[in-house]
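Line order of the protein sequences matches chains A and B.
Take the first sequence: its letter number 65 is residue 65 in full-length UniProt numbering, and every next letter is one higher.
Take the second sequence: its letter number 21 is residue 21 in full-length UniProt numbering, and every next letter is one higher.
As structure tokens, the structure follows; a few thoughts come after it.
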Amino acid sequence: MSVWHAIAAAALFAAAPALLAGEIPPDARRSGYSFMGPDTRAMQDDDTSNPGMLFVLDGQSLWTKKSGSAEKACADCHGDARSSMKGVAARYPAFDNALSRPVTLDQRINLCRATHQQASPLPYESRDLLALSAFVAHQSRGVAITAGDDPQAKPFVAQGRDLFMQREGQLNLACTNCHDDNFDKHLAGAPITQGQPTGYPLYRLEWQTLGSLERRLRSCMSGVRAQAYDYGSPELVALELYLMSRARGLPMETPAVRP
Amino acid sequence: MAALINVPAKARRGDVIEIRTLTSHIMETGFRHTVDGKLVPRDIITSFTCRYNGAEIFRADLFPAIAANPYLSFFTVAKESGKFEFEWIGDNGYSSTASASITVE
Numbered sequence: 001m002s003v004w005h006a007i008a009a010a011a012l013f014a015a016a017p018a019l020l021a022g023e024i025p026p027d028a029r030r031s032g033y034s035f036m037g038p039d040t041r042a043m044q045d046d047d048t049s050n051p052g053m054l055f056v057l058d059g060q061s062l063w064t065k066k067s068g069s070a071e072k073a074c075a076d077c078h079g080d081a082r083s084s085m086k087g088v089a090a091r092y093p094a095f096d097n098a099l100s101r102p103v104t105l106d107q108r109i110n111l112c113r114a115t116h117q118q119a120s121p122l123p124y125e126s127r128d129l130l131a132l133s134a135f136v137a138h139q140s141r142g143v144a145i146t147a148g149d150d151p152q153a154k155p156f157v158a159q160g161r162d163l164f165m166q167r168e169g170q171l172n173l174a175c176t177n178c179h180d181d182n183f184d185k186h187l188a189g190a191p192i193t194q195g196q197p198t199g200y201p202l203y204r205l206e207w208q209t210l211g212s213l214e215r216r217l218r219s220c221m222s223g224v225r226a227q228a229y230d231y232g233s234p235e236l237v238a239l240e241l242y243l244m245s246r247a248r249g250l251p252m253e254t255p256a257v258r259p
Numbered sequence: 001m002a003a004l005i006n007v008p009a010k011a012r013r014g015d016v017i018e019i020r021t022l023t024s025h026i027m028e029t030g031f032r033h034t035v036d037g038k039l040v041p042r043d044i045i046t047s048f049t050c051r052y053n054g055a056e057i058f059r060a061d062l063f064p065a066i067a068a069n070p071y072l073s074f075f076t077v078a079k080e081s082g083k084f085e086f087e088w089i090g091d092n093g094y095s096s097t098a099s100a101s102i103t104v105e
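So, in structure tokens, the structure goes:
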């Protein structure tokens, strides 16, 4: 083998990100969409039958509604969301320099409300917060996920990965035991997915409403009989960040529909 | 409340067309309790009507077993250009309307 071949091989090896044990290679990553039945897929695909779009419509009106004592609307600073918010959700949770930690899209909306609108924060899972984050994330539909690429976010991605690999609860299961090792199999009647968070906030038929990734994570934690972390806790944000970085390259689907 | 309506913008006279409607509503059954045991009062849509140029072409009564954000689809014959008007009526004086127009050639 020539020197050039050796260099080319070494370069190829260096360019491919090292996969850790149990991780799903990029070309095998699949959205939860591919695990669903045809009826639920059809529901997501048609914007007039996707109930998540009702929340996007609500978010659209909130975007231009003045709020807080500063009497400002989101649109007064950010303008037309179709251009200003395109691709934003695909890189969240994102590192915030002032706080020196990553923040989720929900937290960013509330930070914006506190600093620029001088408005009270919207509670987690409230209709208005879900509607606004669905509207913002909808602008990224089809955009490839890049969250976690920021070097400053790396320690938090690692923290999230540790949590993902850590067994917990009375059933003593880690996220990885189902979502890396056993996807495509079934848990009772339901398919086990890879847990790729491509469509949040998403409409879950079981919930009969839109819900955040944190809500989904908390219900998985209750499922393994563990004490779920609080909404907005550093652990949930780190997990969310790791999951998004794990879904790197998959297109955003917000608002997705899931059973 | 927000509603999503799907009516074909154009149709030929005599065509059978599908109309699809989706509206925001929690559809609280009235059978659930809070953690401290209080009954959550019923709050549902009880009636839906669709009028085609003023004439009622479809009506449905809704009940507690229907999921949140009710989706209804039905068919009609495209007779003339005009307007479809939709109305949802429910508990606690709930009322919501929407409309869509169609061109029949």
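C-beta atoms are modelled at their ideal positions from N, C-alpha and C, and glycine is treated no differently.
What you are looking at is a predicted structure, and each value in this text was computed from that prediction instead of being measured.
- Within its own chain, no residue has a Cβ closer than 7 Å to the Cβ of Ser219/A once the five positions on either side in sequence are excluded.
- The segment 3 to 15 of chain B and the segment 178 to 189 of chain A do not touch, with fewer than three beta-carbon pairs separated by less than 8 Å.
- The beta-carbon of Asp39/A is placed no less than 8 Å from the nearest beta-carbon of chain B.
- DSSP, reduced to helix, strand and coil, places Tyr203/A within a strand of the structure shown.
- Ala3/B is positioned such that its CB atom lies no closer than 8 Å to that of Ala67/B.
- What Asn69/B touches in chain A, judged by beta-carbon distance under 9 Å, is Pro51, Leu54, Tyr203, Gln208 and Thr209, going in chain order.
- Under a 10 Å Cβ-count criterion, Cys77/A is classified as exposed, with fewer than 16 other Cβ atoms of the shown protein chains found around its own Cβ.
- With respect to the 8 Å criterion, Ile45/B and Ile89/B are classified as neighbours on the basis of their beta carbons.
- For Glu87/B, same chain residues with a beta-carbon under 6 Å away, outside a window of 5 residues either side, are Thr49 and Thr97 in chain order.
- Contact annotation: Pro51/A and Asn6/B have beta-carbon atoms that are not nearer than 8 Å.
- Setting aside the 5 residues that flank it on each side, Ile192/A is surrounded in the same chain by Cys178, Asn182, Phe183 and Lys185, each with a C-beta closer than 6 Å to its C-beta; the list follows chain order.
- When the alpha-carbon of Pro255/A is set against those of Arg29/A, Ile24/A and Asp46/A, the nearest one is in Asp46/A.
- Between the beta-carbon of Pro121/A and that of Ala153/A there is about 23 Å, and that puts the pair past the 8 Å contact cut.
- By alpha-carbon distance to Gly87/A, the top candidate from Ser49/A, Asp80/A and Ala144/A is Ala144/A.
- Residues of the UniProt domain "Sulphur oxidation protein SoxZ" (8 to 100) of chain B with a C-beta less than 7 Å from any C-beta of chain A: Arg20, Leu22, Ser24, Ala67, Ala68, Asn69 and Tyr71, listed in chain order.
- The beta carbons of Ala89/A and Met252/A sit about 6 Å from each other, so the pair counts as a contact at 8 Å.
- Contact between the segment 61 to 69 of chain A and the segment 125 to 142 of chain A is established, with three or more Cβ pairs separated by less than 8 Å.
- Three or more Cβ pairs closer than 8 Å define a contact, and the segment 106 to 118 of chain A falls short of that threshold against the segment 157 to 172 of chain A.
- Counting along the chain, Arg91/A sits inside no alpha helix (DSSP H), nor does DSSP assign it H or E at all.
- Of all residues in the segment 57 to 85 of chain A, only Leu57 and Asp58 come within less than 7 Å of chain B when Cβ atoms are compared, listed by chain position.
- With respect to Gly59/A, Leu132/A sits close: the two C-beta atoms are nearer than 8 Å.
- Neighbours of Thr48/A in chain B, taken as residues at a C-beta separation under 8 Å, are given in chain order as Leu4, Ile5, Asn6, Arg20 and Leu22.
- Annotation for Met244/A: Tyr92, Pro93, Ile145, Ala147, Gly148 and Pro197 place their beta carbon closer than 8 Å to its own, counting only its chain and skipping 5 residues before and after.
- Here the alpha carbon of Asn172/A sits roughly 26 Å from the alpha carbon of Arg204/A.
- Rounded to the nearest whole angstrom, the C-alpha separation of Ser69/A and Ala75/A is 16 Å.
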